[in-house]
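What follows is a single structure, written as structure tokens, with notes after it.
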Amino acid sequence: MRTIPMLLAAALLAPAVMAQAKINDSVRKKNGEVIKGLEITEFLLSGVRAKRGADAIEIQAHQVAEVVWSDLPDQFIAGRTAMDRGDFRAATQMFGDVKSDRALVKADAEFFQIKAAVAAIGNDKAAAGTAAGVAKAWLAAHVNHWRTPEAMLLAGRAERLAGTGGAAATTLRELEDRAQREVFGAVWLARTKAELALTLLADGKASEARTTFQAAGAAAESALATPSADDGELRALKTLAKVGEGETFLTDKEYDKAESFFHGLVGSNQAELVAAGHVGEGEAIFLKAIAANKPDDIRRAQIALATGSVLDAQGGEASAKANYYLGRCLLALGQDREGDTFKQRANAYFQVVVTSYATSRWAGLAKQEQTK
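Each residue of the sequence shown is one higher than the one before, counting from 69 in my numbering.
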């Protein structure tokens, strides 16, 4: 007879247990510290607000690396898993299917849907336009959210990939202005200037892009003067800015200037610049050989590209670019110089880019080559 009272007690306790589970969020800070036992209550530009028991706390935005929710829907978990393995299209779908009673969780899912959609764009301008529209709608609803700066950056990137360089530049200049006025942090100036430089370069404005790449490098250097958890990213931005500066000469078809610029990086005391220098030199040699119809010079490009790929210890942007152009070298040399398997070997290089460097700007170009 005691069974019924026990079942009633369990039924009464169940909602309390479920409610308790919802206040076990955590925040991982950039220094590795994890703050557990939270109920996250608000996202602001200044940071993440939460309750821990009776205490109200706020973790500053520049300290936050990741928010870990305690009550994630299965679709959210599946979306993050898909992103981790580079399946951005599946991730976009999963995040779009997320349903949650917590508005903050739903907003986070919408943000990650945008992030996945932008990563999945490749060379699909229609998809880029759609992603840009979704990002702008999210921003209209979350003007002062912790993730607002990154959402603005993603919106600008999507607009660039959609071929609307003017709109992208406007979005990114607004982000740059807000980063300065509202003190988003030094890393945001470097991020924004680098993204703006890429936009100007894609729009064919090589001279303006060169100046902006130089400004991005200077912003990263300035931020590095104060040690922080963003130092790794800032060093990567410095490299991107330096490489981008060289690529502006390629946009203007000044191949000799580009080759000389990248050759100058080979003597750097920074390993990542040495690798980027070799790869950039190979890129310049290849493009010049194609323009001048001198296929014999492509052998020099192959050596430089392969050298840069080997030296790229971090396996980053330099390796992605190297593999892309090594594939193009084989296609340009053709069957007479490379034998019957030249296309198969070229596609193997492109597949390395697609599989191992899915988030790089070379992945979409590699996919495009595979479909020819």
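Every residue, glycine too, gets a C-beta built ideally from N, C-alpha and C.
How would you label residue i, buried or exposed, when you count the other beta carbons within 10 angstroms and need 16 or more for buried?
i	result
leucine 81	The pLDDT assigned to leucine 81 is 45, lower than 50, so where the model puts this residue is not dependable; a value taken from the coordinates is nonetheless given after this. That one is exposed.
proline 295	exposed
alanine 262	buried
valine 342	buried
serine 290	exposed
glutamine 181	buried
glutamate 340	buried
serine 275	exposed
alanine 84	Low confidence applies to alanine 84: its pLDDT is 43, below 50, so where it sits in the model is not reliable, and the reading given next is rough at best. Answer is exposed; the Cβ neighbour count stays below 16.
lysine 98	exposed
alanine 284	buried
phenylalanine 152	Phenylalanine is not the amino acid found at residue 152; the sequence shown has aspartate there. Classification for aspartate 152: exposed.
Quick one: what does DSSP say residue i is sitting in, helix, strand or coil?
i	result
glycine 105	strand
leucine 140	coil
glycine 115	strand
glutamine 338	coil
tryptophan 206	helix
isoleucine 189	coil
histidine 213	coil
asparagine 361	coil
arginine 241	helix
glutamine 382	coil
Residues in its own chain within less than 6 Å of residue i by CB, not counting five upstream and five downstream?
i	result
asparagine 415	Gln438
serine 377	Ser387, Ala390
isoleucine 127	Val95, Gly115, Val116
Roughly how far, in whole angstroms, is the beta-carbon of residue i from the beta-carbon of residue j, given that I think they are within contact range, below 8 Å?
i	j	result
leucine 373	alanine 390	5 Å
leucine 268	alanine 237	7 Å
arginine 170	aspartate 192	Not a contact, Cβ separation roughly 32 Å.
glutamate 313	phenylalanine 354	Rounded, the Cβ-Cβ distance is 19 Å, inconsistent with contact.
methionine 220	leucine 243	4 Å
alanine 187	threonine 427	6 Å
Checking the sheet assignment: what are the DSSP bridge partners for residue i?
i	result
aspartate 123	Arg120
valine 132	Lys97
aspartate 110	It is glutamate, not aspartate, that sits at residue 110 in the sequence shown. Glutamate 110 is bridged to Arg117.
In its own chain, which residues sit with a C-beta less than 7 Å from the C-beta of residue i, not counting the 5 before and 5 after it?
i	result
aspartate 165	Gln143
isoleucine 108	Asp93, Val116, Ala118, Val135, Leu172
Is residue i close to chain D, meaning its C-beta is less than 8 Å from at least one C-beta of that chain?
i	result
alanine 188	Considering every chain present, this structure includes no chain D. It has just one protein chain.
For residue i, which residues of its own chain have a beta-carbon under 8 Å away from its beta-carbon, when the five flanking residues on both sides are left out?
i	result
glutamine 419	Ala434, Gln438
Hey, would you say the C-beta of residue i is under 7 Å away from at least one heavy atom of the ligand ADP?
i	result
alanine 230	Within the structure as shown, the ligand ADP is missing, as the structure has no ligands at all.
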